[in-house]
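Numbering (the working numbering), first residue to last: 3 to 280. Don't be surprised by glycine CBs; every beta carbon is placed ideally from N, CA and C. Computed from a predicted structure; not experimentally measured. Before any comments, here is the structure.
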């Protein structure tokens, strides 16, 4: 068996930084507006870059910008890699719409490095990348809680379909996953991803006061007002300037409460997959 070279966290962060710089240039060229999301926005504000123990990179954008991005990405993929409008040879935009990524969001990836995440099937996006989350209009009442509950259920089912047999932190979880997995396989991972996407867009024609990254992980805390999302400013991130909402304090307080306070040292854990140089 050939032993492959693994890379460390700092190098992985550098590779991910290259991706976000490319992504930012692509968005500016195609007049697509986005902001950093989740831990990436937190890292920009608290650390002026990556959270030191994290390599994760998330961005988010309004659904209309998201659709615009995927159309631009599809066009760029058809252009020669050495042309002005083309993508680099080892770069891809992947999403559930063309059955390249079984999630309810998209990802910009580099294929010159391979990752392995314990417990997941080998073909479940074996590359490092940037998660791209759509932002949808949502109701301001309790219907939003029901919406998020539905998404959480289908996310759990989707992840069951992508894990390998006997995976889980406890014996009970392993048994539960083994029982449920065959049924999720019958439904299909892409069908579940697209179902979650449909749930996210349920209130697209309703009131346009509140927005949320419905595919996000923070439930009710993901919701805030559109007027708070706009306008946007650029802030330092590892020596470059990247966009965040001018009212970032509202978003970060919703998700992390006292977000400038560092977590206890035992919570500062690097939990990413093992990454190999191809």
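{"Query": "Contacts around residue 145, its chain only, beta-carbon distance under 6 Å, and the 5 residues preceding and following it disregarded", "Result": "none"}
{"Query": "Helix, strand or coil at residue 206 according to DSSP, with G and I counted as helix", "Result": "coil"}
{"Query": "Inter-residue Cα distance where the pair is residue 190 and residue 215", "Result": "23 Å"}
{"Query": "Nearest-angstrom Cα separation, counted from residue 165 out to residue 185", "Result": "13 Å"}
{"Query": "Close beta carbons around residue 97, own chain, < 7 Å, minus the five adjacent residues each side", "Result": "72, 103 and 108"}
{"Query": "Whole-angstrom distance between residue 35 and residue 2, CA atom to CA atom", "Result": "This structure leaves residue 2 out entirely; the chain is present only between 3 and 280."}
{"Query": "Element boundaries [alpha helix (DSSP H), containing residue 245]", "Result": "Note, residue 245: premise wrong, no alpha helix (DSSP H); beta strand (DSSP E) at 242–247."}
{"Query": "Helix, strand or coil at residue 50 [DSSP, three-state]", "Result": "coil"}
{"Query": "Where the alpha helix (DSSP H) through residue 310 begins and ends", "Result": "Only positions 3 to 280 of the chain appear in this structure, which leaves residue 310 out of reach."}
{"Query": "Beta-ladder partner(s) of residue 108, from DSSP", "Result": "134"}
{"Query": "8 Å Cβ cutoff met for residue 153 and residue 131", "Result": "no"}
{"Query": "Meets three-Cβ-pair contact criterion under 8 Å: the region 14–26 and the region 239–252", "Result": "yes"}
{"Query": "Neighbour-count burial assignment, residue 137, 16 or more Cβ in a 10 Å radius", "Result": "buried"}
{"Query": "Whole-Å CB distance - residue 129 paired with residue 198, under 8 Å assumed", "Result": "Their Cβ separation, rounded to whole angstroms, is 22 Å, which puts residue 129 and residue 198 out of contact at 8 Å."}
{"Query": "Of the listed residues 55, 38 and 219, nearest to residue 15 (C-alpha basis)", "Result": "55"}
{"Query": "DSSP-derived helix/strand/coil call for residue 179", "Result": "helix"}
{"Query": "Where residue 177 falls, given that 16 or more other Cβ within 10 Å makes a residue buried", "Result": "exposed"}
{"Query": "Cα-Cα separation between residue 139 and residue 277, rounded to whole angstroms", "Result": "36 Å"}
{"Query": "Euclidean distance between Cα positions of residue 182 and residue 222", "Result": "27 Å"}
{"Query": "Closest residue to residue 162 among 148, 133 and 192 (Cα-Cα distance)", "Result": "192"}
{"Query": "Environment of residue 263 [buried if 16+ CB atoms lie within 10 Å]", "Result": "exposed"}
{"Query": "Among 253, 268 and 116, nearest to residue 261 - alpha-carbon criterion", "Result": "253"}
{"Query": "Straight-line Cα distance separating residue 172 from residue 234", "Result": "44 Å"}
{"Query": "Residue interval of the beta strand (DSSP E) (run including residue 90)", "Result": "First-last for residue 90: undefined, no H or E at that position."}
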